[in-house]
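Below: one structure, written as structure tokens.
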Amino acid sequence: MTDYATMQSESSGKSWNIWAGEVGKAVFSHRHYLALCLLCVATVWPFLALSAPGGAALLSRNLASLLLIMAMPLAVVLVLWTAICAVQTGLSHPRETLKRVLEARYLQPGQAANLLTVLVPLAFVLAGFTATKVYVGHLQPFDLDRPIIDWTLRLTGGELPWQFLMGPFGAPWAIKALDGIYYLWFPLLAATFVLQLLSVRRPHLRLQFITTLALNWGLLGTFGALALASAGPAFLPELWGTPTPFDGLLQHLHAINGNEHSLMALSVQSGLWSIFSLKGTIAGAGISAMPSIHVAMATTLALLGWRLGRIWGIALTAFAVAIFIGSIMLAFHYALDGIVGAAAAILIWTVSGWMIDRAHPRALEPLPRQD
Numbered sequence: 089m090t091d092y093a094t095m096q097s098e099s100s101g102k103s104w105n106i107w108a109g110e111v112g113k114a115v116f117s118h119r120h121y122l123a124l125c126l127l128c129v130a131t132v133w134p135f136l137a138l139s140a141p142g143g144a145a146l147l148s149r150n151l152a153s154l155l156l157i158m159a160m161p162l163a164v165v166l167v168l169w170t171a172i173c174a175v176q177t178g179l180s181h182p183r184e185t186l187k188r189v190l191e192a193r194y195l196q197p198g199q200a201a202n203l204l205t206v207l208v209p210l211a212f213v214l215a216g217f218t219a220t221k222v223y224v225g226h227l228q229p230f231d232l233d234r235p236i237i238d239w240t241l242r243l244t245g246g247e248l249p250w251q252f253l254m255g256p257f258g259a260p261w262a263i264k265a266l267d268g269i270y271y272l273w274f275p276l277l278a279a280t281f282v283l284q285l286l287s288v289r290r291p292h293l294r295l296q297f298i299t300t301l302a303l304n305w306g307l308l309g310t311f312g313a314l315a316l317a318s319a320g321p322a323f324l325p326e327l328w329g330t331p332t333p334f335d336g337l338l339q340h341l342h343a344i345n346g347n348e349h350s351l352m353a354l355s356v357q358s359g360l361w362s363i364f365s366l367k368g369t370i371a372g373a374g375i376s377a378m379p380s381i382h383v384a385m386a387t388t389l390a391l392l393g394w395r396l397g398r399i400w401g402i403a404l405t406a407f408a409v410a411i412f413i414g415s416i417m418l419a420f421h422y423a424l425d426g427i428v429g430a431a432a433a434i435l436i437w438t439v440s441g442w443m444i445d446r447a448h449p450r451a452l453e454p455l456p457r458q459d
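Structure follows, in structure tokens:
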């Protein structure tokens with residue numbers, strides 16, 4: 089009995105040493121990613137906790153919610169993956185199949201450590217982003233809308249982008265199509281994130297994509313949103329009163345919405361303004377135009393697409409262009425804020441790729457093929 093206990097203790101000690109070693113390797117291999125996430129968290133979290141009413145509580149709630157939300161799609165994908173493996177291998181017992189999938193891909197200490205090293209810091213960054221967005225306009229007034237409009241008019245020669253896009257994209261069917269595409273953004277981004285997170289192929293590309301997402305949220309969506317605080321065309325009547333340079337666009341959207349073409353954009357805008365005016369702190373709320381995170385993330389998807397293949401590149405670039413046009417025609421953004429978001433995403437993607445290539449992360453090597 090004593091010998092058995094000793095063997096168990098030695099086995100547990102070896103397992104702990106293996107896990108500790110793999111965690112150390114994962115932390116070292118992801119050191120640049122972790123340093124960037126830590127920088128975002130170490131600045132945004134204390135700032136909100138100290139300067140925003142209820143900031144600390146909101147950050148905690150958002151973090152708990154995000155960890156739960158991240159776990160759910162991972163579980164769904166794992167179940168689907170198990171089913172596929174069961175069909176391919178002919179295994180009839182789902183528990184045995186699940187065990188093999190987990191052991192082959194995710195319960196090896198190195199791969200599990202890599203997964204957690206990426207996922208947990210990202211949850212902290214996202215919690216800071218979602219909390220910051222709620223306070224834009226309260227901590228920092230919307231002072232940049234007028235300058236954005238002025239700069240846009242100078243660049244376009246006196247015409248706003250929605251005005252010259254009205255011809256090709258102003259028909260009710262086109263507006264409705266843009267409205268539908270605009271709200272495909274989140275499920276497409278979430279699905280791509282989960283697939284890249286679970287991918288054991290092309291590890292450098294996976295980390296480049298996730299690092300870019302983290303910095304889009306952690307830099308553009310926090311520091312950028314506060315420094316360039318602006319509301320967007322849809323909210324100008326509430327902020328300025330009427331008339332505004334976007335009254336024609338807003339009237340057009342409301343006319344379409346009242347003519348058997350229900351637009352999700354108008355419902356979302358109404359809800360966002362209600363929460364903002366009541367100083368609500370609901371996760372996912374908040375008003376911020378510059379820089380456009382919608383366009384930044386769509387651009388990141390397009391950049392990933394070109395690395396995956398020509399067809400993916402063309403499809404996701406078309407999606408990014410549709411998001412950019414939709415952001416203007418649905419009155420969320422001006423155009424200049426979308427351009428800034430896209431340019432910043434390209435810069436972040438490029439720098440992230442260069443940084444990851446220099447790091448040569450040993451722990452990011454693909455898994456050996458399981459026979």
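Anchor point for the sequence shown: position 42 equals 130 in our numbering, and the numbering is continuous, going up by one each time.
All residues carry an ideal CB built from backbone N, CA and C; glycine is no exception.
What you are looking at is a predicted structure, and each value in this text was computed from that prediction instead of being measured.
Next on the checklist: Need the endpoints of the alpha helix (DSSP H) that residue 404 sits in, please.
Outcome noted: The sequence position of residue 404 within the sequence shown is 316, counting from 1. 398-417 is the span of the alpha helix (DSSP H), which, as asked, contains residue 404.
Item to check | Cβ-based neighbour list, residue 142, same chain, cut-off 7 Å, excluding 5 preceding and 5 following | outcome: Walking along the sequence shown from the start, residue 142 turns up at place 54. Result list for residue 142: 369, in chain order.
Next on the checklist: Can you check which of these residues, 138, 384, 252, is closest to residue 404 by C-alpha distance?
Outcome noted: Within the sequence shown, residue 404 is the residue found at index 316, counting from 1. The option with the nearest alpha carbon to residue 404 is 384.
Next on the checklist: Counting beta carbon pairs with one atom in the segment 147-160 and one in the segment 234-244, are three or more of them shorter than 8 Å?
Outcome noted: no
Next on the checklist: Which residue marks the beginning of the alpha helix (DSSP H) containing residue 264, and which one marks its end?
Outcome noted: As a first step, residue 264 must be located in the sequence shown, where it is residue number 176. That run of the alpha helix (DSSP H) goes 260-270.
Checklist entry - Alpha carbon to alpha carbon, how far is residue 449 from residue 392? => result Residue mapping note: residue 449 aligns to position 361 of the sequence shown, counting from 1. Residue mapping note: residue 392 aligns to position 304 of the sequence shown, counting from 1. Since pLDDT at residue 449 reaches only 48, below the 50 mark, its modelled position is unreliable, and the value read off the structure follows with that caveat. So the two alpha carbons sit approximately 20 Å from each other.
Item to check | Limits of the alpha helix (DSSP H) - the one that residue 447 falls within | outcome: Within the sequence shown, residue 447 is the residue found at index 359, counting from 1. It spans 424-447 - the alpha helix (DSSP H) in which residue 447 sits, taken as one unbroken run.
Checklist entry - Hey, residue 377 and residue 421 are a contact pair by Cβ (cut 8 Å); roughly how many whole angstroms apart? => result Position 289 of the sequence shown, counted from the first residue, corresponds to residue 377. Position 333 of the sequence shown, counted from the first residue, corresponds to residue 421. Indeed they touch by this definition, with Cβ atoms about 6 Å apart.
Item to check | Proximity winner among 443, 425, 429, relative to residue 236 (alpha-carbon distances) | outcome: Position 148 of the sequence shown holds residue 236. When only C-alpha atoms are compared, the closest one is 425.
Item to check | Pairwise C-alpha distance: residue 271 and residue 259 | outcome: The residue labelled residue 259 in the question sits at position 171 within the sequence shown. The residue labelled residue 271 in the question sits at position 183 within the sequence shown. Those two C-alpha atoms are separated by around 19 Å.
Item to check | The alpha helix (DSSP H) enclosing residue 253, as first and last residue numbers | outcome: Along the sequence shown, one-based indexing puts residue 253 at 165. Element bounds for residue 253: 249-257.
Checklist entry - Below 9 Å between beta carbons: does that hold for residue 322 and residue 373? => result Your numbering for residue 322 matches position 234 in the sequence shown. Your numbering for residue 373 matches position 285 in the sequence shown. Taking 9 Å as the Cβ cut-off, residue 322 and residue 373 do not qualify as a contacting pair.
Checklist entry - Taking Cβ positions, are residue 334 and residue 327 nearer each other than 9 Å? => result As a working note, residue 334 is residue 246 in the sequence shown. As a working note, residue 327 is residue 239 in the sequence shown. No, the pair does not count as a contact, with Cβ atoms beyond the cut-off.
Next on the checklist: Does residue 451 pass the burial test, meaning 16 or more other C-beta atoms within 10 Å, or should it be called exposed?
Outcome noted: Position 363 of the sequence shown holds residue 451. Unreliable positioning characterises residue 451 in this predicted model, as indicated by a pLDDT of 40, which lies under 50. A coordinate reading is not provided.
Checklist entry - Whose C-beta lies closer than 8 Å to the C-beta of residue 126 among residues of the same chain, with five residues either side of it excluded? => result In the sequence shown, counting from the first residue as 1, residue 126 sits at position 38. Cβ within range, chain order: 209.
Next on the checklist: Please return the same chain residues whose Cβ sits closer than 6 Å to the Cβ of residue 357, not counting the five positions on each side in sequence.
Outcome noted: As a first step, residue 357 must be located in the sequence shown, where it is residue number 269. 322.
Checklist entry - When you compare only the Cα positions, how much space is there between residue 249 and residue 418? => result In the sequence shown, counting from the first residue as 1, residue 249 sits at position 161. In the sequence shown, counting from the first residue as 1, residue 418 sits at position 330. When rounded, the distance between both Cα atoms is 12 Å.
Checklist entry - Apart from the five residues just before and just after residue 266, which ones in its own chain have a Cβ nearer than 6 Å to its Cβ? => result Your numbering for residue 266 matches position 178 in the sequence shown. Once the five neighbours on either side are set aside, the close Cβ partners of residue 266 are 414, 417.
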